[in-house]
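Novice:
Protein chains: 2
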Amino acid sequence: MEGYLQRFLALYRPVITRLNELMSTYGITYSQWIVIYHLKHRGASTLVEIAARHEVEKPTITRRVKKLMDLGIVEQILGNDKREKIIQLTDIGENIYRVVRKDITELEFRIMDNIPEHERKIAYEIFPKIDGNLKNEKELH
Amino acid sequence: MEGYLQRFLALYRPVITRLNELMSTYGITYSQWIVIYHLKHRGASTLVEIAARHEVEKPTITRRVKKLMDLGIVEQILGNDKREKIIQLTDIGENIYRVVRKDITELEFRIMDNIPEHERKIAYEIFPKIDGNLKNEKELH
DNA sequence: TATTTTAGTTACCCAAGGTAACTAAATGAT
DNA sequence: ATCATTTAGTTACCTTGGGTAACTAAAATA
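Which chain is which? The protein sequence lines are A and B, in order. In this text, residue positions in the first sequence follow our numbering: the first is 1, and each later residue adds one. In this text, residue positions in the second sequence follow our numbering: the first is 1001, and each later residue adds one.
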């Protein structure tokens, strides 16, 4: 199966471009959406928790969160540990989640339209396997 | 199948990082590899041909090719149309193609190891379908 | 021959992320 | 209790990678 990665990578730009286009309506980008999605599904979180979960560095999350706070999509809540910055979705953020989630789901539906359900499932489940294999081989080295 | 795109996108960074790591041995990045790959499979080409094929803008290809010329991986040949810059792989370029191709194939083999052949095939064939669907819906708009 | 199109380059801009060095707060060890 | 270490977050700086607009030179077309 030579060329799997090539095909995989070739699809990245069209997809991310389309998604960013979709999100630009709401003043956000896909990378910021990741944070919104995280907060919706995991609840209020610290920046370190978000960074760890999505395997990016802390400064990356600082930047994303700063933008989202400017937009009024997330807000800080206070905890005991004064080092931590705990953030959660605002009401505006909850609304944006809903409409964007709907848009993404509809987009997914359209672009997977002609792909049988069992094939989607297989492709869907391959991604974490490859991710796992990549991590394993990093450990071996 | 909510979340297909999310999984797809989450895998991008690990994969591209691993590939760039692999290619750094030879002083190139994945985006430059695309050009090498193109020249190997399509033969000597103009910048416009490469740009069109991979759906990127001309300045992007100008930059990639410039870097590859500096590295002695590609060279310019002369054609009738003096506007065009026709480039091809040098001997060095051919060698780099071989070793990198081998490395990529081995990497692919390792990270697809525990995935049955028929599943790989399905996932492999889904990518161009999604790409096509994305392009269709862009046309509709 | 004059106009338009095409190939490529240049300059400028943006998104996205990483690393290193730092501050402030919390933990742990003596 | 105090001193050293770890942890959370920020800041500054750098790198990749690509897009847009404006431009030059050459070719095609009217």
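Every residue gets a Cβ at the ideal spot worked out from N, C-alpha and C, and that includes glycine. As the structure is a prediction and not an experimental result, all values here were calculated from the model.
What number of angstroms, rounded off, separates the C-alpha of residue 45/A from the C-alpha of residue 1073/B?
Specialist: The count along the first sequence starts at 1 and reaches residue 45/A at position 45. The count along the second sequence starts at 1 and reaches residue 1073/B at position 73. So the two alpha carbons sit approximately 48 Å from each other.
Novice: Using a Cβ cut-off of 9 Å, pull out every chain B residue sitting near residue 19/A, in sequence order please.
Specialist: Residue numbering aside, residue 19/A sits at position 19 when the first sequence is read from its first letter. Per Cβ cutoff of 9 Å: 1005, 1009.
Novice: Would you mind telling me which residues of chain B sit closer than 7 Å to residue 129/A, beta carbon to beta carbon, in chain order?
Specialist: Your numbering for residue 129/A matches position 129 in the first sequence. Those are 1114, 1115, listed as they occur along chain B.
Novice: Going by C-alpha distance, which of 60/A, 106/A, 127/A is nearest residue 5/A?
Specialist: By 1-based counting over the first sequence, the position of residue 5/A is 5. Of 60/A, 106/A, 127/A, the residue nearest in Cα terms is 127/A.
Novice: Which word fits residue 1109/B, buried or exposed, when buried means at least 16 other C-beta atoms lie within 10 angstroms of its C-beta?
Specialist: For the purposes of this step, residue 1109/B is taken as residue 109 along the second sequence, with counting starting at 1. Exposed, because fewer than 16 other Cβ atoms sit within 10 Å of the Cβ of residue 1109/B.
Novice: Residue 11/A and residue 1111/B - do their beta-carbons sit closer together than 9 Å?
Specialist: Within the second sequence, residue 1111/B is the residue found at index 111, counting from 1. Within the first sequence, residue 11/A is the residue found at index 11, counting from 1. It is not a contact, given that the beta carbons lie outside the stated cut-off.
Novice: Which stretch, first to last residue, makes up the beta strand (DSSP E) that contains residue 56/A?
Specialist: Within the first sequence, residue 56/A is the residue found at index 56, counting from 1. Note, residue 56/A: premise wrong, no beta strand (DSSP E); not H, not E.
Novice: Work out the CA separation of residue 87/A and residue 49/A for me, nearest whole Å.
Specialist: What you label residue 49/A is simply residue 49 of the first sequence in a count that begins at 1. What you label residue 87/A is simply residue 87 of the first sequence in a count that begins at 1. Rounded to whole angstroms, residue 49/A to residue 87/A spans 11 Å at the Cα level.
Novice: Looking at chain A, is there any beta carbon in it that lies within less than 9 Å of the beta carbon of residue 1025/B?
Specialist: Translated into the one-based positions of the second sequence, residue 1025/B becomes position 25. Closer than 9 Å: no.
Novice: Going by DSSP in three states, residue 89/A sits in which element: helix, strand or coil?
Specialist: Position 89 of the first sequence, counting from 1, holds the residue named residue 89/A. Looking at residue 89/A - three-state DSSP - the assignment turns out to be strand.
Novice: By alpha-carbon positions, which one of 63/A, 14/A, 3/A, 9/A ends up nearest to residue 1137/B?
Specialist: As a working note, residue 1137/B is residue 137 in the second sequence. Out of 63/A, 14/A, 3/A, 9/A, 14/A has the C-alpha closest to the C-alpha of residue 1137/B.
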